[in-house]
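In my numbering, the protein residues as written are 18 to 188.
Notes for the one structure printed next.
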């Protein structure tokens, strides 16, 4: 079963402010005080995305093709109130890629980090787990059911839904 995600992640409070600026944004809760805004077509259109418009070509969007030009400035502005991550993952049949970047204090603070298809994650973790760690996420040592989280990706609940569209439906 495939897994695909394109989203912004930050504290629930920070993303509530961001969502208020972009009324079509949908806020989905994660654990550990975090939330995500799925990169739905309506959200991207509100940010200025136009199909075939060459968006994402500038360095300010940290190499995310789906982020329209100008988004980096908006992420930098939001990040003055707290760190915000841009993440994407695409997996099918156990292989795939991840990309993550974090803006903090008005600038790109981490990344972009990218994993290559079929390559194992480095000891410091996957790009998304590293970004989540930058946002303050931590691996829980044990849950009520006695199981342990593997990494920050799992610890905040990102495996709960396997697509950007499902996260948007939850919000």
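Using N, Cα and C, we set each Cβ at its ideal position, and we do this for glycine too.
Just so it is clear, the structure is predicted and the values come from calculations on it, not from any experiment.
Nearest-angstrom Cα distance between residue i and residue j?
{"i": "residue 36", "j": "residue 138", "result": "32 Å"}
{"i": "residue 150", "j": "residue 171", "result": "12 Å"}
{"i": "residue 136", "j": "residue 142", "result": "12 Å"}
{"i": "residue 108", "j": "residue 19", "result": "6 Å"}
{"i": "residue 98", "j": "residue 81", "result": "22 Å"}
{"i": "residue 176", "j": "residue 21", "result": "10 Å"}
{"i": "residue 132", "j": "residue 41", "result": "30 Å"}
{"i": "residue 167", "j": "residue 140", "result": "13 Å"}
{"i": "residue 69", "j": "residue 157", "result": "Because residue 69 carries a pLDDT of 44, less than 50, the predicted location of this residue cannot be relied on, and the following value inherits that uncertainty. Looking at the two C-alpha atoms, the distance is approximately 42 Å."}
Could you give the first and the last residue of the continuous alpha helix (DSSP H) run that contains residue i?
{"i": "residue 147", "result": "144-151"}
{"i": "residue 34", "result": "29-38"}
{"i": "residue 182", "result": "181-187"}
{"i": "residue 172", "result": "169-172"}
Are the CB atoms of residue i and residue j nearer to each other than 7 Å?
{"i": "residue 61", "j": "residue 26", "result": "no"}
{"i": "residue 144", "j": "residue 117", "result": "yes"}
{"i": "residue 102", "j": "residue 152", "result": "yes"}
{"i": "residue 34", "j": "residue 63", "result": "no"}
{"i": "residue 23", "j": "residue 83", "result": "yes"}
{"i": "residue 47", "j": "residue 174", "result": "yes"}
{"i": "residue 148", "j": "residue 43", "result": "no"}
Ends of the beta strand (DSSP E) at residue i?
{"i": "residue 124", "result": "124-131"}
- Counting only runs of 4+ residues fully inside the region 79-118, write out the alpha helix (DSSP H) ranges in chain order. 88-95
- Curious, which full-length beta strand (DSSP E) runs of at least 3 residues does the region 36-66 contain? 51-55
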